[in-house]
Every structure is written in structure tokens, then in C-alpha cells.
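1033 is the number of the first residue of the sequence shown in our numbering; add one for each residue after it. For glycine and all other residues, C-beta sits at the position ideal for the given N, C-alpha and C. In what follows, a single structure is set out as C-alpha cells and then discussed.
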Amino acid sequence: MANPTQQKHAVMLVPGKGGTGKTLFARLLYYALVEAGVKVIGFDSDTENPELANYHAQQKYQVYTGNLLEIEGSHKLLEMLEKKKPDVALIDMPAASGHQTRDRMEHFNLLDLSEDKEMPYRFTFVCVLDIGAPSVHSFQDVMAFCGDRADYVAVRNQFWEDGSSSDESSFAIWEQSEAYKLFESLKGIEIAMPALDRLTFQQMHPSTNFFDVAKLTVGHRLITQSFLRRGVAELDYAASYLGLPKPQAEGQPIARATEAA
1033 MANPTQQKHA VMLVPGKGGT GKTLFARLLY YALVEAGVKV IGFDSDTENP
1083 ELANYHAQQK YQVYTGNLLE IEGSHKLLEM LEKKKPDVAL IDMPAASGHQ
1133 TRDRMEHFNL LDLSEDKEMP YRFTFVCVLD IGAPSVHSFQ DVMAFCGDRA
1183 DYVAVRNQFW EDGSSSDESS FAIWEQSEAY KLFESLKGIE IAMPALDRLT
1233 FQQMHPSTNF FDVAKLTVGH RLITQSFLRR GVAELDYAAS YLGLPKPQAE
1283 GQPIARATEA A
């Protein structure tokens, strides 16, 4: 069930395997939300390796940290939502923490926040896909647990496209999975994230965020600007689930999936 336009959004990156491009997508979405004038807070739950927070160390774009897998961290996030009342809370979870995340959501009854008059947050779960099975399995577990009480966005990270002439998609494991069928039944929206050049990524790591593009040398700056332009255009297809202003042409569930940026 899609969110009402007046409802607030809690966008959580599915805690699947590391290295899929999850934090890169979180950085892209955070940038798009801020640039669109959306009242957003970023929350990095990976306290051992808080990459999202490290990229946004400036006070103007600060991303908060707190271990949501612990009671204290969950309290911190909820108190922040109550106090700051953002329209979107963007939450980057640690890799491989799916069972603990579900336990914490059940403990705090977070999926019913959408019915709370003070904090009407409906959850959107985002899975950044690589070409393997672990991320698909993690996404399936989340969808099976939450059902239609949440919304779902699948992101094909184009970095993993192998460029071969084979007729089989690089994301065949996802396309042929039971998770994909469940995703379709729950009206999930699929988008793509363009690949960011390795050298440019390394140039920006670990502290240059997308708000600081002007500080990059000209080649890296142009590459990053292209990535942002194409990436933000893709986000528009899932705007209703991600808390972005509704574009003139709303994206279509599933059918949008295979079109690369």
C-alpha cells in the first residue's frame, strides 16, 4: 500500500551483505532529499564503521549515529524523530544484521508508527542489489516479516553489470527469485543506480560528500555531476516511497526495473 502524500517516511537500507553499494545509495538519496528542500535527518546505525556519518561530518549536513541494534540507540532515534519531526528519516543499517533489526522493530512496534498521530512514519525498505544471492535473501526476509505494512524499493547497482553479450541479465538471481515475486505482489518499485567511476569514488573516500563536488578536480567533478544527475533522475521513479517531492511523471512498479540510467 502506497503512502499517503501527507505521511512521513522512515527509509531504511536493508541490512544485507556488505559491499553492495548500500552506503553510496544512502549518500545519493540524502543529497537528493536535502537539495529538494525536504526536512530530513540521516541516521547511521553502523557505529563500528559509520561511513555515512563520516561523509557528512560538517554540522550543516550532519548525519547522526546510534546503534539501533541496542535499546539505547533505538530510543535515541525515536526521541530525535519526536523532537525534530523530519519529513524523512534516512537510516543506514549495519551489514548482516537482519535478524537483530527485525527483533528491534518488533520490540518497539515500529511498523505501526504510521498510525501514530504524533509520529506518522511509514517504513520504506530499500535493498541495493548486487549480482549475488545474499542481498536477495535478506530482502525476502524483510518483506516476509513486514508484508504490506511497509513499502519496498529495489535498486539495481549498475556497477555490477558485467557488460557481457550474454542474454542472461546480471541480476538473474533476483529476477528468478521468490523474493522478486513477493516484491511484485507488494507493489515494490525498482530503480537503477548508475555506476560511479572507481577512481572518483576513491578520490571522494572517506570524507568528501556530494555537497562538496566543487572541491574535486575537474575530471572527478564532471564524473560526479553526471552520476548525480542520472542518479537523482532514477530516484524520481520511486519518489512516493522515498519521501521526495512527487515528479511530474510518477514511476511504475516493476516495469521501470530494467531501464538503465
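Buried versus exposed call for residue i [16 or more other C-beta atoms within 10 Å across all chains shown]
i, result
"Lys1116", "exposed"
"Pro1238", "exposed"
"Gly1051", "exposed"
"Lys1054", "buried"
"His1107", "exposed"
"Ala1270", "buried"
"Ala1127", "buried"
"Pro1277", "exposed"
"Gly1074", "buried"
"Ala1089", "exposed"
"Asp1144", "exposed"
"Ala1064", "buried"
Residue i versus residue j - alpha carbon distance
i, j, result
"Tyr1184", "Lys1247", "35 Å"
"Arg1154", "Ala1121", "10 Å"
"Phe1157", "Val1066", "20 Å"
"Gln1132", "Ile1103", "11 Å"
"Val1245", "Arg1188", "24 Å"
"Glu1147", "Glu1114", "14 Å"
"Leu1084", "Asp1124", "7 Å"
"Ala1211", "Ala1224", "18 Å"
"Ala1068", "Tyr1087", "19 Å"
"Ile1286", "Pro1118", "Only weak support is given to the placement of Ile1286: the predicted model assigns it a pLDDT of 45, under 50, and the question is left unresolved by the model."
"Met1112", "Leu1260", "29 Å"
"Glu1282", "Gln1235", "Confidence in Glu1282 is poor, its pLDDT being 47 and thus under 50, which makes the residue's placement unreliable; the coordinate value appears in the next sentence. Glu1282 and Gln1235: Cα-Cα distance of roughly 34 Å."
"Leu1110", "Thr1256", "34 Å"
"Leu1045", "Cys1159", "6 Å"
"Leu1100", "Thr1079", "9 Å"
"Lys1092", "Glu1200", "45 Å"
"Ser1258", "Pro1279", "20 Å"
"Met1151", "Val1043", "14 Å"
"Phe1171", "Val1095", "25 Å"
"Cys1178", "Thr1240", "35 Å"
"Gly1164", "Gln1190", "13 Å"
"Ile1205", "Asn1081", "29 Å"
"Asp1268", "Gly1105", "31 Å"
"Lys1149", "Leu1142", "14 Å"
Beta-bridge pairing of residue i - partner residues as DSSP gives them
i, result
"Met1225", "Asn1189"
"His1041", "Val1120 and Arg1154"
"Cys1159", "Ala1186"
"Thr1097", "Asp1076"
Beta-carbon separation (whole angstroms), residue i vs residue j, contact threshold 8 Å
i, j, result
"Leu1214", "Ala1176", "7 Å"
"Gly1275", "His1041", "4 Å"
"Gly1130", "Pro1047", "5 Å"
"Trp1192", "Asp1173", "Contact flag wrong, Cβ pair sits at about 21 Å."
"Lys1049", "Ser1167", "6 Å"
is_contact[residue i, chain D] using C-beta, thresh 8 Å
i, result
"Lys1054", "No chain D is part of this structure, which consists of one protein chain only."
Decide yes or no for the touch test of the region 1175–1190 against the region 1216–1231: beta carbon pairs closer than 8 Å, at least 3 of them. Segments in contact, yes.
Taking 8 Å as the cut-off, does the region 1250–1258 touch the region 1220–1239 (at least 3 CB pairs, one atom from each stretch)? A contact exists between the region 1220–1239 and the region 1250–1258.
Sufficient close CB pairs (3 or more, under 8 Å) joining the region 1056–1064 to the region 1136–1150: Flag = no, the region 1056–1064 and the region 1136–1150 do not touch.
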